[in-house]
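What follows is a set of notes on a single structure, which appears directly below.
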Amino acid sequence: MSAEDLARADPVPVVLEWLSGHASVTGVLGGAGRVGPYHEPPYPRLKVADVPGGTDSYLTRLVVVRVQVEALGSVDGGPGKELLRRILYTALGALEELPRAGPAPVGPVIVAVRPAQAGGYVPEADGRPRYLAVANVICHPTYP
Numbered sequence: 015m016s017a018e019d020l021a022r023a024d025p026v027p028v029v030l031e032w033l034s035g036h037a038s039v040t041g042v043l044g045g046a047g048r049v050g051p052y053h054e055p056p057y058p059r060l061k062v063a064d065v066p067g068g069t070d071s072y073l074t075r076l077v078v079v080r081v082q083v084e085a086l087g088s089v090d091g092g093p094g095k096e097l098l099r100r101i102l103y104t105a106l107g108a109l110e111e112l113p114r115a116g117p118a119p120v121g122p123v124i125v126a127v128r129p130a131q132a133g134g135y136v137p138e139a140d141g142r143p144r145y146l147a148v149a150n151v152i153c154h155p156t157y158p
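Numbered by our numbering, the letters in the sequence shown go through residues 15 to 158 in order.
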């Protein structure tokens with residue numbers, strides 16, 4: 015496996031697409047267009063990004079990427095801790111379904127999704143409510 019293979023094994027775009035189109039996730043968020051890699055309106059919002067950690071195995075060609083999932087509220091404190099927790103765990107449940115969905119047309123093959131850090135309430139520095147958790151997304155690159 016080369017460095018180029020490792021670069022192709024980025025599951026974040028696949029995870030974003032999966033969660034953006036998942037009926038349970040869009041339902042609990044109140045509609046489409048609320049999943050993405052940035053902390054921006056509309057709220058509530060689900061932010062998904064890779065964070066440091068994980069492993070790259072040249073021997074098995076498996077890559078473990080740590081993906082942080084955040085359920086974000088707005089400056090006024092809405093929609094509240096209870097709903098943000100429900101959003102987070104709905105997204106984590108949907109994420110665990112991803113390996114059974116079959117490979118995406120583009121991107122790595124997702125083999126498994128495992129919890130890495132349990133969900134918890136961690137408000138933003140400015141007081142905005144936020145629930146977050148980290149999952150290990152285990153994948154291997156697709157080859158052209």
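From the three backbone atoms N, C-alpha and C, an ideal C-beta is built for every residue, glycine too.
Drop a sphere of 10 angstroms on the beta-carbon of T40, count the other beta-carbons inside from all chains shown, and report buried for 16 or more, exposed for fewer.
buried
Where does T40 fall in DSSP's three states?
helix
Whole-angstrom C-beta distance between P143 and K95, which should lie under 8 Å:
6 Å
When the Cα of P80 is compared with those of G107, P137, L86 and V29, which residue comes out closest?
Residue identity differs from the one stated: residue 80 is Arg in this sequence, not Pro. Residue V29 is the option with its Cα nearest to R80.
Only counting the same chain, and skipping five residues up and downstream in sequence, which positions put a Cβ closer than 6 Å to that of T69?
V78
Sequence ranges, beta strand (DSSP E) only - wholly within the segment 34-88, length at least 3
59-70 and 77-86
Three-pair Cβ contact test at 8 Å for the segment 42-50 versus the segment 117-134:
no
Rounded to whole angstroms, how far is the Cβ of Y57 from the Cβ of L102, which I believe are closer than 8 Å?
At roughly 14 Å, the Cβ-Cβ gap does not stay under 8 Å, so Y57 and L102 are not in contact.
For R75 and C153, the rounded distance between their alpha carbons:
8 Å
Should T104 be listed as close to the ligand HEM, given that the test is whether its C-beta is under 8 Å from any heavy atom?
The ligand HEM is absent from the structure shown, which contains no ligands of any kind.
Look at the Cβ atom of L160, then the Cβ atom of W32, and state whether they are nearer than 9 Å.
With the chain covering only 15 through 158, there is no way to say anything about residue 160.
Can you say whether Y13 is buried or exposed, counting buried as having 16 or more other CB atoms within 10 angstroms of its CB?
Coverage of the chain is limited to positions 15 through 158, which leaves residue 13 absent and any answer about it impossible.
Could you give the DSSP three-state label for R114: helix, strand or coil?
helix
Quick check on this structure: which residue in P155, A149 and L146 has the alpha carbon closest to the alpha carbon of P117?
P155
Among V26, S16 and Q82, nearest to P122 - alpha-carbon criterion:
V26
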